[in-house]
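Undergrad:
Number of protein chains: 2
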Amino acid sequence: MARTTGSDGEKTEATIRGAAVNLIARFGYEAMSMRQLAAEVGVQAAALYRYFPTKEELLFTLMREHMEGLATAWEAARPADADSAQLLSAYVRNHIAFHIERRHATHVSNMELRSLSPERLTQILRMRTAYEKELRTILRDGAETGTFSIDDTGLTAMALIQMMTGVIVWFRPGERLSIAEVTATYLSMTMRLVGARIGTYSAARPFGRAKDAVAF
Amino acid sequence: MARTTGSDGEKTEATIRGAAVNLIARFGYEAMSMRQLAAEVGVQAAALYRYFPTKEELLFTLMREHMEGLATAWEAARPADADSAQLLSAYVRNHIAFHIERRHATHVSNMELRSLSPERLTQILRMRTAYEKELRTILRDGAETGTFSIDDTGLTAMALIQMMTGVIVWFRPGERLSIAEVTATYLSMTMRLVGARIGTYSAARPFGRAKDAVAF
DNA sequence: GAATTAATCGAACGTTCGTTTTATTATCAC
DNA sequence: GTGATAATAAAACGAACGTTCGATTAATTC
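Below, the structure is given as structure tokens:
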């Protein structure tokens, strides 16, 4: 009974976070119990409350930090003094890379909005909207300069984001396609979709072999 | 106490299904309780078990029928003796129409896989795979005839499906864009994405007004 | 080394869950 | 009208939940 020898608060908290992301991604937030999470971490459920006051606070923290991480990554990746095509290219690359690396956290971030209380939900949605707005701005500017040919920027932005984020649904590291190949292909598809004129972006062929329809 | 005057089994079952789809879409399957569902329907929780033996069976039924409905709709919509571009066009139109009309059921079908038992999950995944294979076949054939220019059919198929299905995330009937406009735009984007040669599909401009970046 | 703080444990709280059981009433079939 | 079936209600079962509380031990600070 009582404090376990060798316990370290920072390590335990990090373990809790990691285990929570995995368990929520796999079972769902509502289906994951605190006892299950605690067992995964190697503590009793009561110990979790030393780090997170409520189950929802744990979820909110994971989701908020995911969005903050995305915003930060995009801020670092966004090229200065770049034209629309370059900006879009950077956006796509960053988006794919970020989400592939955090498949489970992305899963949680996209699928557990319903379990947040209204105020917290508002916060997360605001962050998502801000990120989406970045893409809309790129598309609008590109359309205005004639770099892109877009029917509706709002719709196009959402369609692209859904398409790109959807990579986490099917991509599995170590399988047929590499991250580089996937990224290049998504970029190529994106540029075509927005009607970018040939030559406004570098879209080297991502595959050395002939097209085939190997099943996923 | 006991049977309510005017009760009708068929009507009650239909009401249960409808209410379940709405509640699950809104709160999530795990968060929705049978008492909550029963209250929404206007019966006691025990009554639900006359129609569905378990909560999971209810979910499975909703998801299975959603997929069956989609397969049936595609079967009816698929044109006979059509080329790849026409097939893809029909696929996109059917996909968008079907999902927009069943936003909540789609939500449930996509987000609650985790709550199914392994055997049931396998069944649903098989149905999804079959539907996806239809698109892959269209893309592959189109690529072989040179109608489309595709880097990787498997990836492209998944990207398209994620993009199109994602319409339910943002589309709201009665708002800025009509279903026809949305459908036309998704079709236009799809054709570009797959590198369909101009002239191989009818992509009339879906908007009469200038492109703008009105926020969603 | 003593006091304080940190990190855990075990037990328990109050509530809710999916589900079953029994009883009751309504509707249908003959 | 009688018997069978359908459709519901009310009560309860056994289990599990998120969380709190008090106690205990480990680590840190002075």
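If you read the sequences in order, they're chains A and B. For the first sequence, the numbering used here assigns the number 118 to the initial residue and increments by one for each residue that follows. For the second sequence, the numbering used here assigns the number 118 to the initial residue and increments by one for each residue that follows. Just so you know, even glycine gets a beta-carbon here, dropped at the ideal spot from N, CA and C. No experiment lies behind these values; they were computed from the predicted model shown.
Looking at the unbroken alpha helix (DSSP H) that takes in residue 226 of chain A, where does it start and where does it end?
TA: Residue 226 of chain A -> alpha helix (DSSP H) spans 220-228.
Undergrad: Tell whether a beta-carbon distance below 8 angstroms holds between residue 129 of chain B and residue 158 of chain B.
TA: Against a cut-off of 8 angstroms, the Cβ pair of residue 158 of chain B and residue 129 of chain B comes out as a contact.
Undergrad: Tell me which residues of the segment 269-293 of chain B have at least one Cβ-Cβ distance to chain A shorter than 9 angstroms, keeping chain order.
TA: So the close ones are 269, 270, 271, 272, 273, 274, 275, 276, 277, 278, 279, 280, 281, 282, 283, 284, 286, 287, 288 and 293.
Undergrad: If contact is defined by three or more beta carbon pairs under 8 angstroms, each pair taking one atom from either stretch, is the segment 200-219 of chain A in contact with the segment 256-269 of chain A?
TA: Yes, they touch.
Undergrad: Using a Cβ-Cβ distance under 8 angstroms, would residue 340 of chain B count as near chain A?
TA: The first residue shown for chain B is 118 and the last is 333, placing residue 340 of chain B beyond what the model contains.
Undergrad: For the putative contact between residue 278 of chain A and residue 249 of chain A, defined by C-beta atoms under 8 angstroms, what is the C-beta separation to the nearest angstrom?
TA: At roughly 6 angstroms, the Cβ-Cβ gap stays under 8 angstroms, so residue 278 of chain A and residue 249 of chain A are in contact.
Undergrad: Between which two residues does the alpha helix (DSSP H) containing residue 309 of chain A stretch?
TA: 296-310 is the span of the alpha helix (DSSP H), which, as asked, contains residue 309 of chain A.
Undergrad: I'd like to know if residue 215 of chain B contacts chain A, where contact means its C-beta is closer than 8 angstroms to some C-beta of that chain.
TA: No - not a single Cβ of chain A is within 8 angstroms of the one on residue 215 of chain B.
Undergrad: Spell out whether any CB of chain A is found under 8 angstroms from the CB atom of residue 124 of chain B.
TA: No, no contact with chain A.
Undergrad: What residue does the alpha helix (DSSP H) around residue 248 of chain B start on, and which one ends it?
TA: 235-262 is the extent of the alpha helix (DSSP H) around residue 248 of chain B.
Undergrad: What do you reckon, are the CB atoms on residue 223 of chain A and residue 282 of chain A nearer than 8 angstroms?
TA: Contact flag set, yes.
Undergrad: Measure the alpha-carbon distance for residue 193 of chain B versus residue 179 of chain B and round it to whole angstroms.
TA: When rounded, the distance between both Cα atoms is 21 angstroms.
Undergrad: Would you say residue 92 of chain B lies against chain A (beta-carbon separation less than 8 angstroms)?
TA: Any answer about residue 92 of chain B is impossible in this case: the structure gives chain B only from 118 up to 333.
Undergrad: Less than 8 angstroms between C-beta atoms, sequence neighbours within five positions excluded: which residues of the same chain meet that for residue 147 of chain A?
TA: Cβ within range, chain order: 232.
Undergrad: Any C-beta of chain A sitting closer than 8 angstroms to the C-beta of residue 138 of chain B?
TA: Chain A, which has no Cβ nearer than 8 angstroms to the Cβ of residue 138 of chain B, makes this no.
Undergrad: Taking 8 angstroms as the CB-CB limit, is residue 310 of chain B close to chain A?
TA: Cβ-Cβ to chain A under 8 angstroms: yes for residue 310 of chain B.
Undergrad: Between which residues of its own chain and residue 221 of chain A is the CB-CB distance below 6 angstroms, once the five residues before and five after are set aside?
TA: Closer than 6 angstroms at Cβ, skipping near neighbours: 138, 139 and 142.
Undergrad: At 8 angstroms on the CB atoms, spell out the chain A contacts of residue 143 of chain B, in chain order.
TA: Within chain A, the residues near residue 143 of chain B are 231.
Undergrad: Please confirm whether residue 151 of chain A and residue 162 of chain A have their CB atoms less than 8 angstroms apart.
TA: Going by C-beta atoms, residue 151 of chain A is nearer than 8 angstroms to residue 162 of chain A.
Undergrad: Which residues in chain B sit within 8 angstroms of residue 305 of chain A, going by Cβ to Cβ distance?
TA: Residues of chain B passing the Cβ test: 268.
Undergrad: Which class does residue 266 of chain B belong to by DSSP, given the choice of helix, strand or coil?
TA: Three-state result, residue 266 of chain B: coil.
Undergrad: For residue 124 of chain B, is the classification buried or exposed, using 16 other Cβ atoms within 10 angstroms of its Cβ as the cut-off for buried?
TA: Result: exposed.
Undergrad: On the DSSP letters alone, give me the boundaries of the alpha helix (DSSP H) that residue 161 of chain B sits inside.
TA: Note, residue 161 of chain B: premise wrong, no alpha helix (DSSP H); not H, not E.
Undergrad: Our contact map puts residue 175 of chain A next to residue 208 of chain A with C-beta atoms below 8 angstroms; I'd like the distance itself, whole angstroms only.
TA: Contact doesn't hold; Cβ gap of about 30 angstroms is too wide.
Undergrad: Under the assumption that residue 294 of chain B contacts residue 210 of chain B (Cβ atoms under 8 angstroms), give the Cβ distance between them as a whole number of angstroms.
TA: With a Cβ gap of about 16 angstroms, residue 294 of chain B and residue 210 of chain B do not count as contacting.
Undergrad: I need the boundaries of the alpha helix (DSSP H) containing residue 173 of chain A, first residue and last residue.
TA: Looking at the DSSP string, the run of the alpha helix (DSSP H) that includes residue 173 of chain A is 172-194.
Undergrad: In the DSSP assignment, find the unbroken alpha helix (DSSP H) run with residue 144 of chain A in it and report its ends.
TA: 126-144 is the extent of the alpha helix (DSSP H) around residue 144 of chain A.
Undergrad: Can you confirm whether residue 158 of chain A, when its beta carbon is compared against all beta carbons of chain B, has any partner nearer than 8 angstroms?
TA: It does not; no Cβ of chain B falls within 8 angstroms.
Undergrad: Measuring straight from C-alpha to C-alpha, what distance separates residue 219 of chain B and residue 131 of chain B?
TA: Roughly 15 angstroms separates the two Cα atoms.
Undergrad: What is the DSSP secondary structure of residue 282 of chain A, reduced to helix, strand or coil?
TA: Helix, per DSSP.
Undergrad: Against residue 184 of chain B, what residues of chain A qualify as contacts under a CB-to-CB distance less than 9 angstroms, listed in chain order?
TA: Those within 9 angstroms of residue 184 of chain B in chain A number zero; the least Cβ separation is about 16 angstroms.
Undergrad: Rounded to the nearest angstrom, how far is the Cβ of residue 244 of chain B from that of residue 188 of chain B, given a contact under 8 angstroms?
TA: At roughly 7 angstroms, the Cβ-Cβ gap stays under 8 angstroms, so residue 244 of chain B and residue 188 of chain B are in contact.
Undergrad: On a CA-only basis, which of A/311, A/168 and A/165 is nearest residue 258 of chain A? Give me that one, please.
TA: Residue A/311 is the option with its Cα nearest to residue 258 of chain A.
Undergrad: With 8 angstroms set as the bound, which would you pick, yes or no: does the beta-carbon of residue 209 of chain A sit closer than that to a beta-carbon of chain B?
TA: Not one chain B Cβ lies under 8 angstroms of residue 209 of chain A.
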